[in-house]
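*Asks:* Quick note, the sequences are listed as chains X and L, same order.
Going by this note's numbering, the first residue of the first sequence is number 1026, and it counts up by one from there.
Going by this note's numbering, the first residue of the second sequence is number 1026, and it counts up by one from there.
From the three backbone atoms N, C-alpha and C, an ideal C-beta is built for every residue, glycine too.
Number of protein chains: 2
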Amino acid sequence: MNKPLRRDETEPMRLSHPDRRHRLDTSAVEIGLSAAIAAVRSDEPVVLTVKAATGDGGSVDALPSGPFSPKEHRTLEVGLRDWVSDQADLTLGYAEQLYTFADRGRHANPMDDSPHTVSIGYLALTRPSWPAANGLNGNHDHSTDAAGSNWRSWYDFFPWEDWRRGRPEIFSRVIEPRLAEWAERNEVPGSRSRPVARAERIRMAFGIGGTWDEERVLDRYELLYEAGLIEEARRDGREAALLWGQLPKLGVSMQYDHRRILATAIGRLRGKIKYRPVVFELMPDEFTLFELQKTVEAILGPHLHKQNFRRLVESAGLVEPTGDVRAKTGGRPAKLFRFRREVLMERPAPGVRVKAGRM
Amino acid sequence: MNKPLRRDETEPMRLSHPDRRHRLDTSAVEIGLSAAIAAVRSDEPVVLTVKAATGDGGSVDALPSGPFSPKEHRTLEVGLRDWVSDQADLTLGYAEQLYTFADRGRHANPMDDSPHTVSIGYLALTRPSWPAANGLNGNHDHSTDAAGSNWRSWYDFFPWEDWRRGRPEIFSRVIEPRLAEWAERNEVPGSRSRPVARAERIRMAFGIGGTWDEERVLDRYELLYEAGLIEEARRDGREAALLWGQLPKLGVSMQYDHRRILATAIGRLRGKIKYRPVVFELMPDEFTLFELQKTVEAILGPHLHKQNFRRLVESAGLVEPTGDVRAKTGGRPAKLFRFRREVLMERPAPGVRVKAGRM
DNA sequence: TCATTAATGCTCAAAAAGAGCAAAATGAAA
DNA sequence: TTTCATTTTGCTCTTTTTGAGCATTAATGA
Chain X
1026 MNKPLRRDET EPMRLSHPDR RHRLDTSAVE IGLSAAIAAV RSDEPVVLTV KAATGDGGSV
1086 DALPSGPFSP KEHRTLEVGL RDWVSDQADL TLGYAEQLYT FADRGRHANP MDDSPHTVSI
1146 GYLALTRPSW PAANGLNGNH DHSTDAAGSN WRSWYDFFPW EDWRRGRPEI FSRVIEPRLA
1206 EWAERNEVPG SRSRPVARAE RIRMAFGIGG TWDEERVLDR YELLYEAGLI EEARRDGREA
1266 ALLWGQLPKL GVSMQYDHRR ILATAIGRLR GKIKYRPVVF ELMPDEFTLF ELQKTVEAIL
1326 GPHLHKQNFR RLVESAGLVE PTGDVRAKTG GRPAKLFRFR REVLMERPAP GVRVKAGRM
Chain L
1026 MNKPLRRDET EPMRLSHPDR RHRLDTSAVE IGLSAAIAAV RSDEPVVLTV KAATGDGGSV
1086 DALPSGPFSP KEHRTLEVGL RDWVSDQADL TLGYAEQLYT FADRGRHANP MDDSPHTVSI
1146 GYLALTRPSW PAANGLNGNH DHSTDAAGSN WRSWYDFFPW EDWRRGRPEI FSRVIEPRLA
1206 EWAERNEVPG SRSRPVARAE RIRMAFGIGG TWDEERVLDR YELLYEAGLI EEARRDGREA
1266 ALLWGQLPKL GVSMQYDHRR ILATAIGRLR GKIKYRPVVF ELMPDEFTLF ELQKTVEAIL
1326 GPHLHKQNFR RLVESAGLVE PTGDVRAKTG GRPAKLFRFR REVLMERPAP GVRVKAGRM
């Protein structure tokens, strides 16, 4: 983090002239866009997946994805929206670029001789108003439609991220012992700096000494991948994965680097929800405050005390009552609210500023 | 923001199978990496630029950039670090991917028939410990070295973002009247939805009704570009720019979309500084609290009351005293501090959590 | 009618943030 | 040497925000 500058006084800087780029290298690549299209359905965060065939006749879950052609589309986002609306017959509301990955060996199988692909991940949010027939059932299983696409809980892919019913037992049962072993495996003479880094990275990502930071979804996934505990790591032929005997199943795996893109998406959404009013992209036009809270908690994990959550969103001016009420709540009817679009103008960073806490 | 879903019940979803990608389109592109390498030098935020030749014999400022070749580099960041350390003879500490741009017509001149380039922007931070000969002088001008690279205040490119001496007068003199004119120019019958959007976007980005949000650097730049007030818009042949007679000079322009990348970098850094201890990547190992405050203010604009800033960083455990003091401060000697690396483990999001406020 | 269940309203204490006064420790000037 | 200007640093006081709990209200269903 504090490397010395290796600057040679006698030589001038040799920064490439930008125009030189066309002469230097012309190894062209393909651009693939992959979208994590998220929604919250009966308090469960779900993501749209498709089934993709594997070489051996099986199938894997994948994120909807498509190529980007600069000739056809003016911008990346236009390209994304175009093929999503075209293929999924679903119009995206909110869409945001996440990250561009180009790691060798993590997109296709290393043996594969397909062209190098750079994958650009996107996060898109939709409202849960599709027909129930294609949606998620109440009891959390999932159904696949004719084209092989379905909505699936994102915690199927990241069970360790689901803290809604407390700390998942998968930590003490699998993750902690295996990661500890992996960290120690590096404690061999010769490589002196790495072991500290590993143990420290684990502590940071999983908040061992301090606090669980719900936003570090990607850090945690990457660590598990590097430790070889993720099925994709074995698929990619990573050494760490091959050292383990039988791999414990840590969530459902996905095609290519799609699980990594999904991890990025979840982490980004968890962060953004706190300072931009993105939850409302996931809500119907009218909702009760408790429904809003449940949606936030589906994304972040259990957070605020009910009364304080109400005070929070109301006093921040994020919502306004519609005047109607919802009956059949099981108790007193709940007032319905709608998003108050004007906050966007009033506050620099309006969002559901929740901190970790109790139910 | 709330478009209805266009879902046809009778047709199943037609999501593309991810494997289909290789068959659909093979229009390959080149990947260019551009880095906004930032430092803070005598309380001035600076960025490393290079001179690039224009077609007509002149030269423009550009960000250091280079091609990414998947054959040579395992990951994007490895590629970036490699050519930066190679070409600039400067080792990057902190580096972070910003955004991938692929807008047609904004990378090269529209007449240009060069291959389509997707540019991936990076933000990198370095410590201001280069030799003074190549650095920025105290009085804010800049010197160019033999290879044409120099450190230049980032506010040269975005004068409207510099609120350290209050609200820049360029707003009332140029920006506000021109943007108002541009917003109204759309008030023609026929296009009914756009005008509201324009005026609202202006209000949001520039905080007309509410608060100035220092993080929206890109929003503001894009708006000025769309309004044709940015030199690059004229260069790209944008209609809005051609409508203006003489263009007021709104900051120094850059090659390709580099100013957009720099805008993204500044916005990202302004956001990140609040919840991750990235300021310390810009500080020497030892510093006084006032030096730290000055650095934060160089990036964000004037913020906290001195005593409260001290309380903030000390009580957050971000720093620890080294025991030494710095004399010649002009008054009582100041204690020297260093970054307390342990906070990373203790707090989920340690940063200089400053809100807008007074000096 | 009454028990149950949520939604909602309100209070109180603790913590954090905003703002200012004043003492301490220097270098420079008288 | 003394005084003064200047900057760091310590501390207090007030206001706001947050965390947590109790009490009331208005439905539903037995």
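Should the region 1298–1312 of chain X be called in touch with the region 1366–1375 of chain X, which here means at least 3 C-beta pairs below 8 Å?
*Replies:* Yes: at least three Cβ pairs fall under 8 Å.
*Asks:* Quick one: what's T1074(X) bridged to in DSSP?
*Replies:* According to DSSP, which records beta bridges pairwise, T1074(X) is partnered with N1175(X).
*Asks:* Expressed to the nearest angstrom, what Euclidean distance is found between the alpha-carbon atoms of A1352(L) and T1313(L)?
*Replies:* One C-alpha to the other measures close to 11 Å.
*Asks:* To the nearest angstrom, report how far apart W1188(X) and F1196(X) are at their CA atoms.
*Replies:* Taking the straight line from one Cα to the other gives about 11 Å.
*Asks:* Give the DSSP-derived three-state secondary structure of K1360(X) in the structure shown.
*Replies:* Looking at K1360(X) - three-state DSSP - the assignment turns out to be strand.
*Asks:* So what's M1308(L) in DSSP terms, helix, strand or just coil?
*Replies:* If DSSP states are grouped into helix, strand and coil, M1308(L) belongs with coil.
*Asks:* Based on DSSP bridge pairs, tell me the residues matched to R1351(L).
*Replies:* Partner(s): A1359(L).
*Asks:* Report the rounded CA-to-CA distance for A1374(L) versus Q1271(L), giving the unit in angstroms.
*Replies:* So the alpha carbons of these two residues sit roughly 47 Å apart.
*Asks:* Under a three-way DSSP split, which group does Q1122(L) fall into?
*Replies:* Reduced to three states, the DSSP call for Q1122(L) is strand.
*Asks:* Do K1360(X) and V1344(X) have their CB atoms nearer than 7 Å?
*Replies:* Cβ distance not < 7 Å, so K1360(X) and V1344(X) don't count as in contact.
*Asks:* Helix, strand or coil for P1092(L) per DSSP?
*Replies:* Of the three classes helix, strand and coil, the one that applies to P1092(L) here is strand, per DSSP.
*Asks:* Can you tell me whether DSSP reads V1377(L) as helix, strand or coil?
*Replies:* Correct three-state label for V1377(L): coil.
*Asks:* Between S1067(L) and K1331(L), what straight-line distance do the alpha-carbon atoms span, to the nearest angstrom?
*Replies:* Near 18 Å, if we compare the C-alpha coordinates of K1331(L) and S1067(L).
*Asks:* Run the CB neighbour count on K1096(L), radius 10 Å, all protein chains shown included, and call it buried at 16 or more, exposed below.
*Replies:* Classification for K1096(L): exposed.
*Asks:* Report yes or no: is there a C-beta of chain X within less than 7 Å of the C-beta of D1068(L)?
*Replies:* It does not; no Cβ of chain X falls within 7 Å.
*Asks:* By alpha-carbon positions, which one of F1183(L), F1093(L), L1254(L), F1315(L) ends up nearest to P1358(L)?
*Replies:* Here the closest residue by C-alpha is F1315(L).
*Asks:* Classify R1210(X) as buried or exposed, calling it buried when 16 or more other Cβ atoms lie within 10 Å of its own Cβ.
*Replies:* Exposed, since its Cβ has fewer than 16 Cβ neighbours within 10 Å.
*Asks:* Starting from D1086(X), find everything on chain L with Cβ-Cβ shorter than 9 Å and list it in chain order.
*Replies:* Near D1086(X) there are no residues of chain L at all, since even the closest Cβ is about 10 Å away, more than 9 Å.
*Asks:* Measure the alpha-carbon distance for L1101(X) versus G1355(L) and round it to whole angstroms.
*Replies:* The straight-line gap from Cα to Cα measures roughly 54 Å.
*Asks:* Would you say G1125(X) reaches chain L, if we count a Cβ-Cβ gap shorter than 7 Å as a contact?
*Replies:* The residue asked about is misnamed: residue 1125(X) is Thr in this sequence, not Gly. True, the Cβ-Cβ gap to chain L drops below 7 Å.
*Asks:* To which residues of the same chain is V1054(L) closer than 6 Å at the C-beta, ignoring the five residues directly before and after it?
*Replies:* Cβ within range, chain order: H1141, V1143.
*Asks:* Would you mind sorting R1347(L) into buried or exposed? The rule is 16 or more other CB atoms within 10 Å of its CB.
*Replies:* Per the sequence presented here, residue 1347(L) reads as Thr, with Arg not at that position. Exposed.
*Asks:* Hey, does V1054(X) have any beta-carbon neighbour from chain L nearer than 7 Å?
*Replies:* Closer than 7 Å to some Cβ of chain L, the Cβ of V1054(X) qualifies, so yes.
*Asks:* Run through DSSP, which three-state label would A1208(L) get?
*Replies:* Residue state, collapsed to three classes: helix.
*Asks:* Out of L1105(X), A1113(X), P1184(X), S1090(X), which has the shortest C-alpha to C-alpha gap to I1324(X)?
*Replies:* Nearest option by C-alpha distance: P1184(X).
*Asks:* DSSP three-state call for G1082(L): helix, strand or coil?
*Replies:* Here G1082(L) sits in coil by DSSP.
*Asks:* For chain L, find out if any of its Cβ atoms is closer than 7 Å to the Cβ of D1244(X); answer yes or no.
*Replies:* Not one chain L Cβ lies under 7 Å of D1244(X).
*Asks:* Could you give the DSSP three-state label for E1264(L): helix, strand or coil?
*Replies:* Of the three classes helix, strand and coil, the one that applies to E1264(L) here is helix, per DSSP.
*Asks:* According to DSSP, is Y1147(L) helix, strand or coil?
*Replies:* Strand.
*Asks:* If contacts are defined as beta-carbon pairs under 8 Å, then R1223(X) and A1230(X) qualify, I think. What distance do you get, rounded to the angstrom?
*Replies:* 11 Å between Cβ atoms; not a contact.
*Asks:* Near V1199(X), which residues of its chain fall below 8 Å by C-beta distance, leaving aside the five closest residues on each side in sequence?
*Replies:* Once the five neighbours on either side are set aside, the close Cβ partners of V1199(X) are L1254, P1273, L1275.
*Asks:* Could you give the DSSP three-state label for A1064(X): helix, strand or coil?
*Replies:* Looking at A1064(X) - three-state DSSP - the assignment turns out to be strand.
*Asks:* I need the DSSP call for I1233(L), collapsed to helix, strand or coil.
*Replies:* Coil.
*Asks:* Spatial neighbours of A968(L) within its chain, please: C-beta separation below 7 Å, excluding the five flanking residues on both sides.
*Replies:* Outside the shown range of chain L, which is 1026 to 1384, sits residue 968(L), and nothing can be said about it.
*Asks:* Count the other C-beta atoms from every protein chain shown that fall within 10 angstroms of the C-beta of G1342(L), then say buried if there are 16 or more, exposed otherwise.
*Replies:* So G1342(L) ends up on the exposed side.
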